[in-house]
Amino acid sequence: MEKATFVTDAENAYAALRQAIVSGALPPDRKLKIAELRSHFGFGAAPLREALSRLIGERAVVQKSNRGFYVRSATAAEVEDLGRVRIMLECEALRDSLARGDDAWEAQLVAAYHSLRLAEERATSPQEIEIRNRTFHDALVSAATSEWLLDLRGQIYVHHERYRHLSRSLGPSVRDTPAEHAAIYEAAIARDIEATCAQTARHIELTTVSAVKAMQG
-17 MEKATFVTDA
-7 ENAYAALRQA
3 IVSGALPPDR
13 KLKIAELRSH
23 FGFGAAPLRE
33 ALSRLIGERA
43 VVQKSNRGFY
53 VRSATAAEVE
63 DLGRVRIMLE
73 CEALRDSLAR
83 GDDAWEAQLV
93 AAYHSLRLAE
103 ERATSPQEIE
113 IRNRTFHDAL
123 VSAATSEWLL
133 DLRGQIYVHH
143 ERYRHLSRSL
153 GPSVRDTPAE
163 HAAIYEAAIA
173 RDIEATCAQT
183 ARHIELTTVS
193 AVKAMQG
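Here's what the structure looks like:
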């Protein structure tokens, strides 16, 4: 029973820390002291160390010799690199998914887009829009068959998401993100692979540019 509880606590600690890092609640370069994390998140030291080890493997946390754990730094060079890699992975997954997607895939995509559009029209909370945004982008590639590709894409998506949150520090966006999503959706429903990839690449690049501007002040 203790082992099962530890596993559950470790998973929950990992999810909580990961979300805090992505959202910026734990900002770049923040030192992650076990005692402070225990007090804030309510997990024991062992689950927190397990979670931090996983986050090191995912490049969200770094461990400095004799200095402890830190949230990974955020740099303009990194977000540009992430943006390029995300475009490559996203488009490769889209090509496979759009070529293979059946009626169930299309129904899933229609539902995901409808849910996202409603949230955007109603100015739902940023957290809810982010969840529905992830669901929409995941639905687009859900018919892809390569587990390695989807896993790598998912990891890069999370890192790029951290920079999306950072870009919001600029204040209200001048982008028409709902229009960007609509363009991606219409191209995908039409099974126009090249147009879907082009619209998605533009969508990702605009996020990258916004994040770089935020970091450069």
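Using our numbering, read the sequence shown as starting at -17 and increasing by one per residue.
Idealized CB from N, CA, C, for every residue including glycine.
Nearest-angstrom beta carbon gap, residue j and residue i [assumed within contact, 8 Å]
| i | j | result |
| --- | --- | --- |
| residue 52 | residue 13 | 5 Å |
| residue 141 | residue 34 | About 17 Å; that fails the 8 Å criterion. |
| residue 68 | residue 186 | 5 Å |
| residue 75 | residue 126 | 4 Å |
| residue 103 | residue 111 | Between residue 111 and residue 103 the Cβ distance is about 11 Å, and since that is not below 8 Å, they are no contact. |
| residue 148 | residue 196 | 5 Å |
| residue 190 | residue 62 | 6 Å |
| residue -5 | residue 23 | 7 Å |
Best match in the options for proximity to residue i [C-alpha to C-alpha]
| i | options | result |
| --- | --- | --- |
| residue 180 | 72, 133 and 33 | 72 |
| residue 60 | 145, 135 and 1 | 145 |
| residue 115 | 166, 38 and 156 | 166 |
| residue 118 | 158, 157, 128 and 164 | 164 |
| residue 105 | 50, -10, 70 and 159 | 159 |
| residue 188 | 143, 70, 130 and 157 | 157 |
| residue 50 | 66, 88, 11 and 85 | 11 |
| residue 56 | 3, 84, 28 and 32 | 3 |
| residue 32 | 0, 5 and 21 | 0 |
| residue 36 | 86, 85 and -7 | -7 |
| residue 200 | 46, 113 and 150 | Because the chain spans -17 through 199 in this model, residue 200 falls outside it and cannot be assessed. |
Element boundaries [alpha helix (DSSP H), containing residue i]
| i | result |
| --- | --- |
| residue 53 | Here residue 53 belongs to no alpha helix (DSSP H); instead the beta strand (DSSP E) covers 50 to 53. |
| residue 8 | Where residue 8 is concerned, there is no enclosing alpha helix (DSSP H), given that its DSSP letter is neither H nor E. |
| residue 195 | 175 to 198 |
| residue 57 | Segment: none, residue 57 is in no alpha helix (DSSP H) and carries neither H nor E. |
| residue 27 | 27 to 39 |
| residue 170 | 159 to 171 |
| residue 20 | 16 to 23 |
Endpoints, beta strand (DSSP E) assigned at residue i
| i | result |
| --- | --- |
| residue 46 | 43 to 46 |
- Which runs of the alpha helix (DSSP H) fall wholly inside the region 67 to 143 and span at least 4 residues, in chain order? 85 to 103 and 108 to 122
- Query: For the region 24 to 42 against the region 87 to 101, are there 3 or more C-beta pairs whose distance is under 8 Å?
  - Reply: no
- Message: So, does the region 77 to 84 touch the region 167 to 183, judging by three or more C-beta pairs under 8 Å?
- Response: yes
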